[in-house]
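*Asks:* I have a structure I would like to understand better, so I am pasting it below and will then ask my questions one at a time.
Residue numbers (the working numbering): 219 to 539.
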């Protein structure tokens, strides 16, 4: 039997694009905000709590339930994403190296590129060359970083820029800390700032001599909130030299979590115990509840008042989670 004539040509995939999700994208694809660490309402007979990590609006993991979003069963519902609004931003572990690379290229005071205009134009010509393959593109971007790292003083605001590096593993529980060693490899041009820095500390040591032993560990701490503010100030034209395509909505602040996607329930199912009315929860679900709880503790501490040491400890734990 002859096939039916079809006058609609088949669609072909022309390409795939990969990139970081922006905060707006995470919220747009989400069906619910996960805001409580409680999982079940035991008074109603183990019913998933609304706005919990097992909210049925994110799908289901058992045949006896129904998805509150698409009203499908376990076979027909593919799950839906939720999101967690973080009290303080944290570094995206998958883009941590990219964050350090961007910080090495920009001024830590005004967010301008540490390159003169002539050099910027030369690199832009190379990056915009027709038929440029990815290998050459990555090589050019590496040249941008290498050239910017050698610029000790910002050409726009005159601020001194030092070495950006990841903090030592023993410096905190999160192990995702970035420090700015401003006065490393310092020359004569940075002598005034170094003298002012030393004088301020000497005045402090006169009243608190016990702090002098910590002098060698005094660095400019680039926490996620400070880095986020720096990234927001980067001009769209400069993003191209950082390897980010601004024409497609790419921005460096997308490398920092402000909203965390909560994966569908079906990929982190609850295992109900046969001999009791209890269940074992997936590791992802447990981790989501930890993040929600830590974030709520930080938010409550900021509103009611909390010591800076306690706040930093909780922030480190949120980054770790």
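We put the CB at the ideal spot given by N, CA and C, even for glycine.
1. Taking the continuous alpha helix (DSSP H) assigned at residue 244, which residues delimit it?
2. Give a single yes or no on whether residue 401 has its beta carbon closer than 8 Å to a heavy atom of the ligand ADP.
3. Look up residue 382 in the DSSP assignment and say whether it is helix, strand or coil.
4. Any chance you could list the alpha helix (DSSP H) runs of at least 4 consecutive residues sitting entirely within the region 490–522, in chain order?
5. Applying the 10 Å Cβ sphere with the 16-neighbour rule, what's the burial state of residue 252?
6. Residues in its own chain within less than 8 Å of residue 328 by CB, not counting five upstream and five downstream?
7. How is residue 316 classed by DSSP in three states: helix, strand or coil?
8. In whole angstroms, what separates the C-alpha of residue 471 from that of residue 226?
9. Determine the DSSP secondary structure at residue 449, reduced to helix, strand or coil.
10. State the CB to CB distance for the pair residue 333 and residue 365, rounded to an integer number of angstroms; the pair is presumed to be in contact (CB under 8 Å).
11. Put residue 264 into one of helix, strand or coil per three-state DSSP.
12. Check this for me: beta carbons of residue 399 and residue 380, under 9 Å apart or not?
13. Tell me the rounded alpha-carbon separation between residue 538 and residue 496.
14. Give me the residue from 266, 282 and 281 with the minimum Cα distance to residue 275.
15. Could you give the distance in angstroms between the alpha-carbon of residue 468 and the alpha-carbon of residue 529?
16. Leaving out the 5 sequence neighbours to the left and right, which residues in its chain are closer than 6 Å to residue 295 when beta-carbon positions are compared?
17. Applying the criterion that 16 or more other CB atoms from any shown protein chain within 10 Å of the CB defines a buried residue, is residue 362 buried or exposed?
18. To the nearest angstrom, how far is it from the Cα of residue 309 to the Cα of residue 442?
19. Answer with buried or exposed for residue 246, where buried requires no fewer than 16 other C-beta atoms within 10 angstroms of its C-beta.
20. Between residue 261 and residue 315, what straight-line distance do the alpha-carbon atoms span, to the nearest angstrom?
21. Indicate the three-state DSSP secondary structure (helix, strand or coil) for residue 485 in the structure shown.
22. Excluding the five sequence neighbours on either side, which residues of its own chain have a C-beta within less than 7 Å of the C-beta of residue 382, listed in chain order?
23. DSSP three-state label for residue 462, please.
24. Buried or exposed: where does residue 173 fall if 16 or more other Cβ atoms within 10 Å of its Cβ makes it buried?
25. Terminal residues of the continuous beta strand (DSSP E) containing residue 305?
26. Measure the CB-CB distance between residue 330 and residue 453 and report whether it falls below 9 Å.
27. What separation, rounded to the nearest whole angstrom, lies between the Cα atoms of residue 498 and residue 270?
28. Taking DSSP as the reference, what is the three-state secondary structure of residue 343?
29. Applying the criterion that 16 or more other CB atoms from any shown protein chain within 10 Å of the CB defines a buried residue, is residue 236 buried or exposed?
*Replies:* Let me lay it out:
1. 241–246
2. No copy of the ligand ADP appears in this structure; indeed no ligand is present at all.
3. strand
4. 501–522
5. Here residue 252 is buried, its C-beta having at least 16 other C-beta atoms within 10 Å.
6. 372, 374, 375, 377 and 451
7. The three-state secondary structure of residue 316, taken from DSSP, is helix.
8. 42 Å
9. helix
10. With 8 Å as the limit, residue 333 and residue 365 qualify as a contact, their Cβ atoms being about 6 Å apart.
11. coil
12. It is a contact, given that the beta carbons lie within the stated cut-off.
13. Going by the C-alpha atoms only, they are around 29 Å apart.
14. 266
15. 31 Å
16. 277, 285 and 288
17. buried
18. 6 Å
19. Residue 246 should be labelled exposed.
20. 47 Å
21. helix
22. 318, 321, 322, 396 and 398
23. coil
24. Residue 173 lies beyond the range of the chain shown here (219 to 539); nothing can be said about it.
25. 299–309
26. yes
27. 16 Å
28. helix
29. exposed
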